[in-house]
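Heads up, the sequence shown is in this note's numbering, so the first residue is 45 and it goes up one at a time.
So the structure is just underneath, and the comments pick up after that.
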Amino acid sequence: METHFPGESAEYRAARDRPRHISPAMLLIGVAAVCWAITARRMEGMDMGPGTELGGLGWFAVVWATMMAAMMLPSLLPMALTYAGASRNAKASSPTAATCSFACSYLLVWVGAGVLAYALIRGMRSLDLSWFAWDEGGPYFAGGVILGAALYELTPAKSTCLRHCRDPDLLTDHWRPGLSGALRMGVEHGGFCVGSSWALMAALFALGVMNVTWMIVVAALIAIEKLLPWDRVAIGATVMIIAAVGLAVALAPDQVPGLTIPG
């Protein structure tokens, strides 16, 4: 419970309470930085091109969870701080712990999305479709997936989900107290963010899911869409960038910077 001392000013209270505001932010930034370092280390010497072998499900799930923490936590920061502030206003016993629970359940949704993508890719590979080989139709298929991601950016579903990822009021309007409330709110917010960014993640798979360079590019696009004040400008820029990359992958893959050509 927040304590006010007689005679203290609002400015003094704000300065006194600032560490409680900063601690969740520093924690999330620190976790993201560590996960970027781990991801870069794990990817050294790996095949980073389209069609990368994903390994076993357990190995992939751990690597994907680390990747999502690295890519998503920075852009989650404003909403996490909104949640932490709402927890303090609701006199929660431990706002930092509740915020961590919110962030963990948010990431859990992304892990589930990664497992679904893993199952889909495994299922496609089991069909043994030779047309998907890179020296045949592979570039056109990869380019088509990326162009599809650009088109999804223009859909009403994208707009609705992105609005929930950007608007703090939509988060606080559905406030739920306690640890179970934090977990539920994290899952709900994660669902909207998966709905907003799943196509960009599909583009990452088409470019090489283990490619750190393209991980950084996709993470930057997601952050720009969530954080830039002008959402339409952000979406327009993303559409142009992703569409240009898709055409380049389909028509001139050897000219795409950072793309590892299979074989």
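Even for Gly, the Cβ is constructed at its ideal location relative to N, Cα and C.
Item	Value
With distance defined between alpha-carbon atoms, name the residue in Pro-306, Cys-144, Ala-109 and Gly-95 nearest to Ser-224.	Cys-144
List the endpoints of the continuous alpha helix (DSSP H) containing Pro-183.	182–196
What residue does the alpha helix (DSSP H) around Met-245 start on, and which one ends it?	222–252
Using only the alpha-carbon positions, how far apart do Met-254 and Gly-93 sit?	8 Å
Take Arg-207 as the anchor and find which of Ser-170, Gly-167, Thr-140 and Asp-275 has the nearest alpha-carbon.	Asp-275
Between Leu-303, Ala-161 and Asp-298, which lies nearest to Leu-101 when the distance is taken from Cα to Cα?	Ala-161
Does the Cβ-Cβ distance between Pro-200 and Val-293 come in under 9 Å?	no
CA-CA distance, Ala-226 and Asp-217?	14 Å
Pro-122 to Leu-248, Cα distance in whole Å?	24 Å
Do the segment 188–197 and the segment 281–298 make contact, defined as three or more Cβ pairs closer than 8 Å?	yes
Going by other Cβ atoms of all chains shown within 10 Å of its Cβ, with 16 needed for buried, is Val-277 buried or exposed?	exposed
My guess is that Ala-263 and Met-115 are in contact by the Cβ rule of under 8 Å, so how many angstroms apart are they, rounded?	4 Å
Within 9 Å (strictly less), CB to CB, does Gly-93 reach chain D?	Absent from the structure: chain D. Only one protein chain is present.
Short check: CB of Ala-325 to CB of Lys-202, under 9 Å?	Only positions 45 to 307 of the chain appear in the structure, and residue 325 is not among them; the question remains open.
So the alpha helix (DSSP H) Gly-167 belongs to, where does it begin and stop?	139–170
Quick check: what's the CA-CA separation for Ala-105 versus Glu-88?	18 Å
CA-CA distance, Trp-175 and Ala-186?	12 Å
Considering only the alpha carbon of each residue, which of Ala-69, Leu-72, Ala-84 and Leu-71 lies closest to Thr-257?	Ala-84
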